[in-house]
Amino acid sequence: ATTKEFTLHDHSIWVSSGLKSAGTIILITGAGGAFGNILRSTSLGDSISQQLISWEIGIFLPFLIAAFLKTAQGSSTVSIITTAAMIAPMLDSLGLSSEMGKVLVVLSIGAGAMTVSHLNDSYFWVVSQFSIMNTSTALRCHTVTTLLQGITGILLIQIFSLFIL
191 ATTKEFTLHD HSIWVSSGLK SAGTIILITG AGGAFGNILR STSLGDSISQ
241 QLISWEIGIF LPFLIAAFLK TAQGSSTVSI ITTAAMIAPM LDSLGLSSEM
291 GKVLVVLSIG AGAMTVSHLN DSYFWVVSQF SIMNTSTALR CHTVTTLLQG
341 ITGILLIQIF SLFIL
């Protein structure tokens, strides 16, 4: 049995192909992380959370903050971390400081952070590029589906909260 020897040209083609697929995704992820740092370093997060807490919307507050941050800057991870840091000091005033309340907050943040995946989200590009969808189709299909996913998630969390809080 003989093995085929691959040339430097073969390797170059493979690397180029991989970079074409992943390069855009990596750049968008980095840009999203940078924007998340800008949001965290300004007083925007504090302003949003203080305004929303006055509306007395309970379990919807972590969802709304996470969904806003996710939509604004694209990174679910940055959205989760930023929202958790903003919400933690407010758990008592939201009536969510019990163990089950904290579980619901985590679920709410997770649902918000997976809502509205669009052009600034690397996951959007992973789905669109690897399923060979053009951008407008991905916006119509993937973005709308993630919006419905988030709404369904928070509604189920609200129903759970009626039974366990």
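Numbered according to the working numbering, the sequence shown spans residues 191 to 355. Glycine included, C-beta positions come from ideal geometry on N, C-alpha and C. Since this is a predicted model, take the numbers as computed values, not measurements.
| request: List the whole-angstrom C-beta distance separating L281 from S269, where the pair is believed to meet the contact cut-off of C-beta under 8 Å. | output: If you number the sequence shown from 1, residue 281 lands on position 91. If you number the sequence shown from 1, residue 269 lands on position 79. Their Cβ separation, rounded to whole angstroms, is 18 Å, which puts L281 and S269 out of contact at 8 Å.
| field | D311 (DSSP reduced to helix, strand or coil) | value | Looking up residue 311 in the sequence shown gives position 121. Three-state DSSP puts D311 in coil, outside helix and strand.
| task | Could you please give the first and the last residue of the uninterrupted alpha helix (DSSP H) stretch that includes S266? | result | In the sequence shown, the residue the question calls residue 266 occupies position 76. Segment 266-277, the alpha helix (DSSP H) holding S266.
| task | Output yes if chain B places a C-beta closer than 8 Å to the C-beta of T273; else output no. | result | Absent from the structure is chain B; it holds one protein chain and no more.
| task | Taking V295 and I271 to be in contact with their CB atoms under 8 Å, please state how far apart those CB atoms are, rounded to whole angstroms. | result | Start at 1 with the first residue of the sequence shown, and residue 295 comes out as number 105. Start at 1 with the first residue of the sequence shown, and residue 271 comes out as number 81. Between I271 and V295 the Cβ distance is about 14 Å, and since that is not below 8 Å, they are no contact.
| task | Could you check the C-alpha separation between A256 and G302 for me, to the nearest Å? | result | Start at 1 with the first residue of the sequence shown, and residue 256 comes out as number 66. Start at 1 with the first residue of the sequence shown, and residue 302 comes out as number 112. If I take the Cα positions, the gap works out to 5 Å.
| task | Note down the Cα distance separating F314 from K210, rounded to an integer number of angstroms. | result | For the purposes of this step, residue 314 is taken as residue 124 along the sequence shown, with counting starting at 1. For the purposes of this step, residue 210 is taken as residue 20 along the sequence shown, with counting starting at 1. Using only the alpha carbons, I get a separation of about 16 Å.
| Buried or exposed: which applies to V205, given that a residue is buried once 16 or more other Cβ atoms fall within 10 Å of its Cβ? | Counting from 1 along the sequence shown, the entry for residue 205 is found at position 15. Its Cβ having fewer than 16 others within 10 Å, V205 is exposed.
| message | Please state the DSSP three-state secondary structure of G248. | response | Position 58 of the sequence shown, counted from the first residue, corresponds to residue 248. The answer is coil: DSSP assigns G248 none of H, G, I, E or B.
| Is the beta carbon of L217 sitting closer than 8 Å to the one on I249? | Against the sequence shown, residue 217 aligns to sequence position 27. Against the sequence shown, residue 249 aligns to sequence position 59. Between L217 and I249, the CB-CB gap reaches or exceeds 8 Å.
| request: Below 8 Å on the Cβ atoms is my guess for S288 versus I243; work out the distance and round it to an integer in Å. | output: Within the sequence shown, the letter at position 98 stands for residue 288. Within the sequence shown, the letter at position 53 stands for residue 243. That belief does not hold up - the Cβ atoms of S288 and I243 are roughly 18 Å apart, past 8 Å.
| request: Measure the C-alpha to C-alpha separation of A212 and L355 and round it to an integer number of angstroms. | output: Walking along the sequence shown from the start, residue 212 turns up at place 22. Walking along the sequence shown from the start, residue 355 turns up at place 165. C-alpha separation (whole angstroms): 44 Å.
| request: Taking M290 as part of the alpha helix (DSSP H), name the residues at either end of that continuous run. | output: Walking along the sequence shown from the start, residue 290 turns up at place 100. Residues 289-303.
| Nearest-angstrom Cβ-Cβ length linking S307 and I347, presumed shorter than 8 Å | Locating residue 307 in the sequence shown gives position 117, where the first residue counts as 1. Locating residue 347 in the sequence shown gives position 157, where the first residue counts as 1. Not really, about 19 Å apart at Cβ, beyond 8 Å.
| message | Considering only their Cβ atoms, is the gap separating M304 from G340 smaller than 8 Å? | response | Taking the first residue of the sequence shown as position 1, residue 340 is located at position 150. Taking the first residue of the sequence shown as position 1, residue 304 is located at position 114. In this structure, G340 sits near M304, with a CB-CB distance shorter than 8 Å.
| task | Report yes if the C-beta distance between I344 and F253 is below 8 Å; otherwise report no. | result | Position 154 of the sequence shown holds residue 344. Position 63 of the sequence shown holds residue 253. Contact: yes.
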